[in-house]
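Number of protein chains: 2
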Amino acid sequence: MAQIAEANRFNVQRDRMLKAAARCFNEKGYSGTSLKDVSRHLGLTDAALYYYVRNKEELVYQCYRRAAELGQEAMDRGRAEGATGLEQARLYIRYHVEIMVGERGPVAIMSEIPSLKREHREEILAVSRRHSAVFEAILQQGIDDGSIAPCNVRMTGNAVMGALNWIPKWFHGNPAMAETIVAEFPDILTRGLAAGQASCQ
Amino acid sequence: MAQIAEANRFNVQRDRMLKAAARCFNEKGYSGTSLKDVSRHLGLTDAALYYYVRNKEELVYQCYRRAAELGQEAMDRGRAEGATGLEQARLYIRYHVEIMVGERGPVAIMSEIPSLKREHREEILAVSRRHSAVFEAILQQGIDDGSIAPCNVRMTGNAVMGALNWIPKWFHGNPAMAETIVAEFPDILTRGLAAGQASCQ
DNA sequence: GCATTATTTTAATCTGCATTAAAATTTTTG
DNA sequence: CAAAAATTTTAATGCAGATTAAAATAATGC
Numbered sequence: 084m085a086q087i088a089e090a091n092r093f094n095v096q097r098d099r100m101l102k103a104a105a106r107c108f109n110e111k112g113y114s115g116t117s118l119k120d121v122s123r124h125l126g127l128t129d130a131a132l133y134y135y136v137r138n139k140e141e142l143v144y145q146c147y148r149r150a151a152e153l154g155q156e157a158m159d160r161g162r163a164e165g166a167t168g169l170e171q172a173r174l175y176i177r178y179h180v181e182i183m184v185g186e187r188g189p190v191a192i193m194s195e196i197p198s199l200k201r202e203h204r205e206e207i208l209a210v211s212r213r214h215s216a217v218f219e220a221i222l223q224q225g226i227d228d229g230s231i232a233p234c235n236v237r238m239t240g241n242a243v244m245g246a247l248n249w250i251p252k253w254f255h256g257n258p259a260m261a262e263t264i265v266a267e268f269p270d271i272l273t274r275g276l277a278a279g280q281a282s283c284q
Numbered sequence: 084m085a086q087i088a089e090a091n092r093f094n095v096q097r098d099r100m101l102k103a104a105a106r107c108f109n110e111k112g113y114s115g116t117s118l119k120d121v122s123r124h125l126g127l128t129d130a131a132l133y134y135y136v137r138n139k140e141e142l143v144y145q146c147y148r149r150a151a152e153l154g155q156e157a158m159d160r161g162r163a164e165g166a167t168g169l170e171q172a173r174l175y176i177r178y179h180v181e182i183m184v185g186e187r188g189p190v191a192i193m194s195e196i197p198s199l200k201r202e203h204r205e206e207i208l209a210v211s212r213r214h215s216a217v218f219e220a221i222l223q224q225g226i227d228d229g230s231i232a233p234c235n236v237r238m239t240g241n242a243v244m245g246a247l248n249w250i251p252k253w254f255h256g257n258p259a260m261a262e263t264i265v266a267e268f269p270d271i272l273t274r275g276l277a278a279g280q281a282s283c284q
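Okay, structure coming up:
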């Protein structure tokens with residue numbers, strides 16, 4: 084129960100702030116965005132942000148926490164709904180992409196983890212590593228159940244995550260593009276995984 | 084002839100500086116690295132960097148220029164040496180990856196293009212877009228020559244570039260890992276492209 | 001070895017933002 | 001509607017880290 088954030092005024096504004104910040108950070112870089120830039124998107128003053136967050140570092144941290152939660156949500160759904168490893172991987176990718184380019188986005192790219200204070204950095208790194216590990220487990224499961232051709236799950240996972248994480252770098256809200264991404268990415272990123280195809284080398 | 088930088092003292096130090104800066108930026112983020120951080124890697128004072136570069140913005144710009152040059156070098160070699168579009172794509176990926184994880188690396192991730200001054204930003208954006216366009220042309224050529232299955236070249240290109248560009252985020256110099264990356268990535272990123280395989284959906 | 005040029009350091013200065021405190025305004029509650 | 005709580009603004013302050021000028025050292029050419 085305490086898990087689900089109440090939709091009160093505070094949380095609504097806070098969520099708007101995190102989305103605005105994510106957009107700014109993705110588009111203008113961390114150092115390139117001042118708190119004034121973020122607050123301008125909200126029709127507020129820069130100082131007002133301090134009502135929601137202790138400082139800029141925590142703003143980044145919260146953006147990353149939100150990004151991690153959304154990624155995990157997609158992963159959980161994929162795992163729950165997919166029968167084979169391959170299906171789970173494809174569904175995860177689809178859900179994650181849908182979130183990133185849909186109204187719940189933008190999702191912050193985790194480019195500035197090293198700038199976080201130790202406590203926050205370690206938390207984000209841990210959750211980030213766990214995310215990767217779960218995806219690798221899905222791949223391994225796919226290999227075991229015969230839906231995915233044997234491969235180096237670590238490297239394959241890194242490749243897929245990179246392709247996903249990079250999306251906010253070139254997607255900036257164009258709705259037609261969003262549709263295309265959702266339609267294409269799950270296939271593009273899983274086409275190479277499927278078992279039982281000619282290796283064509 | 085003027086293209087080839089002389090290997091004099093100045094250029095050698097400058098190159099060391101750009102590599103040190105790329106490493107710092109990749110590992111600690113742009114705002115997380117001070118000029119002192121970079122200079123420490125070179126056994127110099129922060130002020131000494133100003134002998135090689137006008138300011139921090141230009142240091143980033145030069146890192147990105149270098150990254151662009153190395154990427155283009157890999158692309159050129161791939162195009163020259165590959166017979167089919169698929170081979171060209173695979174060779175490009177291999178050469179680019181070799182550069183990124185080899186002694187010529189690290190290569191800076193272009194995360195802070197928006198922080199560059201207009202002139203520099205536009206140059207880097209232009210060269211970056213050209214790079215993507217050339218890769219998409221390779222994919223299209225592969226489709227035309229029958230080596231690559233029909234696909235959305237724009238999206239496929241974005242996916243491959245994302246996977247490549249993200250490498251410096253998780254690779255930090257481990258030589259065994261470097262070998263694995265070079266051995267695996269070209270296959271992982273082209274396995275899904277090849278024509279004439281069961282679609283397995 | 002002397003003069004010139006290249007490179008680096010020392011020691012300040014400068015400044016854009018982050019940050020804060022207190023006041024003002026808006027919203028909620030009873 | 002009055003009082004309390006929540007939210008935002010105004011107006012400073014502070015500081016890390018970029019930048020600069022001048023001096024010091026090292027390299028190079030004649």
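Sequence order for the protein chains is Y and D.
Note that my numbering gives residue 117 to position 34 of the first sequence, counting from 1, and the numbers run on in steps of one.
Note that my numbering gives residue 85 to position 2 of the second sequence, counting from 1, and the numbers run on in steps of one.
Virtual Cβ for every residue (Gly too), placed ideally from N, Cα, C.
These figures come from a predicted structure and were not determined experimentally.
Between D:N248 and Y:T263, the C-beta spacing is not below 9 Å. When 9 Å is used as the limit between beta carbons, Y:T263 is near these residues of chain D: N235, R237, M238, in chain order. If you check the CB distance, Y:V143 and Y:F93 do not come in under 9 Å. Taking a beta-carbon distance threshold of 9 Å, D:I207 does not count as an interface residue toward chain Y. Straight-line spacing of the CA atoms in Y:A103 and Y:R123 works out to 9 Å. In the DSSP annotation of this structure, the continuous segment of the alpha helix (DSSP H) that includes Y:E202 starts and ends at 201 to 227.
A straight line joining the alpha-carbon of Y:I231 with that of D:D98 spans about 43 Å.
Here D:L125 has R99, M100, A103 as same chain residues with Cβ atoms under 7 Å from its own Cβ, once five neighbours each way along the sequence are excluded. Interface flag for D:I221 against chain Y is unset, since no Cβ pair is found closer than 9 Å. Collapsing the DSSP output to three states places D:A277 in a strand. Taking 9 Å as the upper bound on Cβ-Cβ separation, chain Y lies near residues E110, K111, G112 of the stretch 90 to 112 of chain D. Proximity of Y:E267 to chain D, defined by a Cβ-Cβ separation below 9 Å, is satisfied. Taking C-alpha positions only, D:I196 is separated from D:R204 by approximately 6 Å. Residue-level contact by beta carbon fails for D:E141 and chain Y, as no gap is shorter than 9 Å. Here the alpha carbons of D:E181 and D:K111 stand approximately 23 Å from one another. Contact residues of the stretch 186 to 215 of chain Y toward chain D are S194, E195, P197, S198 (C-beta to C-beta distance below 7 Å). For D:G161, the enclosing alpha helix (DSSP H) begins and ends at 139 to 164. Its Cα nearest to that of Y:E141, the residue Y:I207 stands out among Y:P189, Y:Q155, Y:G165, Y:I207.
Annotated three-state conformation of D:I271 is helix, per DSSP. Note on Y:Y113: 16 or more other CB atoms within 10 angstroms of its CB, so buried under the neighbour-count rule. By a beta-carbon distance limit of 8 Å, D:H214 contacts D:Q155. Their separation comes to about 6 Å. As a beta-bridge residue in DSSP terms, Y:I231 pairs with Y:A277. When Cβ pairs closer than 8 Å are counted between the two stretches, the stretch 218 to 231 of chain Y is seen to touch the stretch 155 to 169 of chain Y, the count reaching three or more. Using a Cβ-Cβ cut-off of 9 Å, Y:A242 counts as an interface residue toward chain D, since at least one Cβ of chain D sits closer than that to its own.
Chain Y has a Cβ within less than 9 Å of the Cβ of D:R274. The continuous alpha helix (DSSP H) containing D:Y175 extends over residues 168 to 184. Each residue's CA atom was taken as its position, placing D:I250 and D:M244 some 10 Å apart. Against chain D, the beta carbon of Y:N138 has no neighbour under 7 Å; the closest one sits roughly 13 Å away. Neighbours of D:I271 across chain Y, judged by C-beta separation under 8 Å: C234, N235, M238, T239, A242, G275.
Around D:I250, the beta-carbon contacts reaching into chain Y at under 8 Å are N241, G245. Inclusion of Y:G161 and Y:A261 in the CB contact set at 9 Å is not warranted, their separation being larger than that value. The beta carbon of D:G126 sits no closer than 9 Å to any beta carbon of chain Y.
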